[in-house]
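Each remark here refers to the structure printed beneath this line.
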Amino acid sequence: MEFSFYPGCTAHSTGVEYSLSTHAVIDALGVELKEIDDWNCCGGAAAHSISKLLGLALPARNVAQAQKMDLPLAIPCPGCFNAVKRAQNALTSDPDMRDRLEKIVGFKYRGDLEVKAMHQVILENFSLDDLKNRVKKPLAGLKVASYYGCALVRSPEIVEMGDYENPMFLDRLVEAMGGEPVDWSYKVDCCSADLAMTHGKIAVEIADRIMEGAVEAGADCVNSACGLCQINLDMRQSGKKARKLPVLYFTELMGIAMQIGDREVWWDKHIVDPRPLLKASGLV
Amino acid sequence: MVRDKAFADEVIERSGQNIKLCYQCLKCFVGCPVAPYMDHKPNSIIRMIQYGEREKVLSSHAIWLCVSCMACGVRCPNDIDMSSVFDTLREMSIEDGLAYESERNIVILHEEFVRNVKLWGRLHESTFFMPYMARSLDLFSNMESGILLMMRGKLPMIPTQIKGIEEIRKLFDEGYKTQGELAGKE
Chain A
1 MEFSFYPGCT
11 AHSTGVEYSL
21 STHAVIDALG
31 VELKEIDDWN
41 CCGGAAAHSI
51 SKLLGLALPA
61 RNVAQAQKMD
71 LPLAIPCPGC
81 FNAVKRAQNA
91 LTSDPDMRDR
101 LEKIVGFKYR
111 GDLEVKAMHQ
121 VILENFSLDD
131 LKNRVKKPLA
141 GLKVASYYGC
151 ALVRSPEIVE
161 MGDYENPMFL
171 DRLVEAMGGE
181 PVDWSYKVDC
191 CSADLAMTHG
201 KIAVEIADRI
211 MEGAVEAGAD
221 CVNSACGLCQ
231 INLDMRQSGK
241 KARKLPVLYF
251 TELMGIAMQI
261 GDREVWWDKH
271 IVDPRPLLKA
281 SGLV
Chain B
285 MVRDKAFADE
295 VIERSGQNIK
305 LCYQCLKCFV
315 GCPVAPYMDH
325 KPNSIIRMIQ
335 YGEREKVLSS
345 HAIWLCVSCM
355 ACGVRCPNDI
365 DMSSVFDTLR
375 EMSIEDGLAY
385 ESERNIVILH
395 EEFVRNVKLW
405 GRLHESTFFM
415 PYMARSLDLF
425 SNMESGILLM
435 MRGKLPMIPT
445 QIKGIEEIRK
455 LFDEGYKTQG
465 ELAGKE
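Sequences listed follow chains A and B, in order. Counting from 1, one number per residue, gives the positions in the first sequence under this note's numbering. Counting from 285, one number per residue, gives the positions in the second sequence under this note's numbering.
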């Protein structure tokens, strides 16, 4: 099974353990990821905030690069995934914008590029039973609050991810890995990472509300599928009203359960060290 | 107060969102993670647009504090995607020369982010943070997180430039002007 692959800028920086654990899981599943040639930044939260055209043109160039590979495109970062889907939506539904984008990017949009978020690559190609059979060390007793954030589930007509108020796909993955999904109220509340640099106090208040919600629901850790959410929640939670929780990527949880990858290197990248929890749960 | 009667129509045309349908149910407001910090809540922004309060809207804190999480849009009973409205308002705020009025640092952050992408083709955090700090004169509030990230090996020092950097710069030439560039042109 082959996918073209867009790593995104955080793969080598703030989300390096997401990248490492993703590759470990994907390799173990026998999926091949072929990095698209000379990809560029999708523009993040900045480009669309100051220019509609630039916010669509940057991801459109990645669509142009990915089209050449004739493979479905896998994107681990929800922000990049969302940007590419938005660009595709504009290319499909707005003929004037399509003309402008094709002209400035210098390509012809074919309209046949399938784009998948990383959890879709796993869940659409491997049954939960198949995944369960690959578990060597079940996450027994580990209570996990899965956090979906914004870009992965909204807007629903663009990202096409199903239930956007109470998504369950990461919870199902946790369950398949032998963990205990926790029902909680903040799974699709935005963590407002974009305000972290300019309004640190607001970012801390919002991160705290989400993390305190996870503690209140009885979670041992939070499960994330986004490099920006992970670093924001991991770093900004103040621990003032509730204890700090480790924030793990779903691929890291899969890595533990499947006993794959150089996991010590992943844990070194976390702000709140997950090792004490993993040790207490018998998972190290 | 000067009322701009064409303001609402311009916002509707550019954002593709029919804000005239809003009946002030406040769902956008109650679901918004940053509404508590906004000077005008999302529903008030809509009303102000309808009233033609162009300058007040385009120089508000709210339009820059919106983090585009799209929670408002999916809950609106009239299918108004407020994120698209906010994107449009920010663009108009730059065009009207009002972008630095309220949330100067957020604007600088966005500008430096895309400038970094124009430089390398991909975002390189270290060379993005430094000019932001210099321009915003905010030298200390991100010091602790910067050090933490560096200690965890999450801030690579050496940037890499993509081969097609000229293609990226072309996107900027055609697709984006800063407030300063727009002012210089007039």
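For each residue, glycine too, the CB sits at the ideal point set by N, CA and C.
Return yes when the Cβ of Lys143 (chain A) is within less than 8 Å of the Cβ of Gly255 (chain A), no when it is not. no
Using a C-beta to C-beta distance shorter than 7 Å, which residues of chain A count as neighbours of Ile390 (chain B)? Thr198
According to the Cβ coordinates, are Leu54 (chain A) and Val398 (chain B) closer than 8 Å? Against a cut-off of 8 Å, the Cβ pair of Val398 (chain B) and Leu54 (chain A) comes out as a contact.
Thinking Val63 (chain A) and Gln88 (chain A) are a contact (beta carbons under 8 Å), I'd like their distance in whole angstroms, please. Their Cβ separation, rounded to whole angstroms, is 6 Å, which keeps Val63 (chain A) and Gln88 (chain A) in contact under 8 Å.
Please report the distance separating the alpha-carbon of Met417 (chain B) from that of Ser281 (chain A). 42 Å
is_contact[Gly30 (chain A), chain B] using C-beta, thresh 8 Å: no
Terminal residues of the continuous beta strand (DSSP E) containing Tyr289 (chain B)? Tyr is not the amino acid found at residue 289 (chain B); the sequence shown has Lys there. It is not in any beta strand (DSSP E) - Lys289 (chain B) carries neither H nor E in the DSSP assignment.
Could you have a look at Lys143 (chain A) and say whether DSSP puts it in helix, strand or coil? strand
Closer than 7 Å, Cβ to any Cβ of chain B: which residues of the region 209 to 238 of chain A, in chain order? Met235
Nearest to Glu2 (chain A) by CA position, among A:Asp70, A:Arg61, A:Ala45 and A:Gly43, is which residue? A:Asp70
Determine, for Asp183 (chain A), whether the minimum Cβ-Cβ distance to residues of chain B falls below 8 Å. no
Does the contact criterion of 3 or more C-beta pairs under 8 Å hold for the region 69 to 86 of chain A versus the region 148 to 166 of chain A? Yes: the two stretches touch, three or more of their Cβ pairs being nearer than 8 Å.
Given 8 Å as the limit, is there contact between the region 197 to 211 of chain A and the region 232 to 249 of chain A, that is, 3 or more CB pairs closer than that? yes
Which residues of the region 304 to 324 of chain B have a Cβ closer than 7 Å to any Cβ of chain A? Give them in chain order. Pro317, Val318 and Tyr321
Using Cβ-Cβ distances below 9 Å, what residues of the region 330 to 364 of chain B are close to chain A? Considering only beta carbons, the part of the region 330 to 364 of chain B lying closer than 9 Å to chain A consists of Trp348, Leu349, Cys350, Val351, Ser352, Cys353, Met354, Ala355, Gly357, Val358 and Arg359, in chain order.
Taking 8 Å as the threshold, find out whether the region 145 to 156 of chain A comes into contact with the region 259 to 278 of chain A through three or more Cβ pairs. no
Completely contained alpha helix (DSSP H) runs for the region 53 to 95 of chain A, where each covers 4 or more residues: As summarised for the region 53 to 95 of chain A, the continuous alpha helix (DSSP H) elements at least 4 residues long and confined to that stretch are 78 to 93, given in chain order.
Pair every Cβ in the region 252 to 269 of chain A with every Cβ in the region 160 to 178 of chain A, then say whether three or more of these pairs are closer than 8 Å. With the cut-off at 8 Å, the region 252 to 269 of chain A and the region 160 to 178 of chain A touch.
Using a Cβ-Cβ cutoff of less than 7 Å, which residues in the same chain neighbour Lys269 (chain A) once the five nearest sequence positions on both sides are dropped? Once the five neighbours on either side are set aside, the close Cβ partners of Lys269 (chain A) are Val16 and Glu17.
Am I right that Ile333 (chain B) and Ile378 (chain B) are in contact with their C-beta atoms under 8 Å? What's the rounded C-beta distance? The Cβ separation is near 17 Å, so there is no contact.
Pairwise C-alpha distance: His199 (chain A) and Trp184 (chain A): The alpha-carbon atoms of Trp184 (chain A) and His199 (chain A) are separated by roughly 26 Å.
In angstroms with no decimal places, state the Cα-to-Cα distance between Ser4 (chain A) and Ser420 (chain B). 39 Å
Is it right to say Arg330 (chain B) is buried, meaning 16 or more other beta carbons lie within 10 angstroms of its own, or is it exposed? Sequence check: residue 330 (chain B) is Ile here, not Arg. Result: buried.
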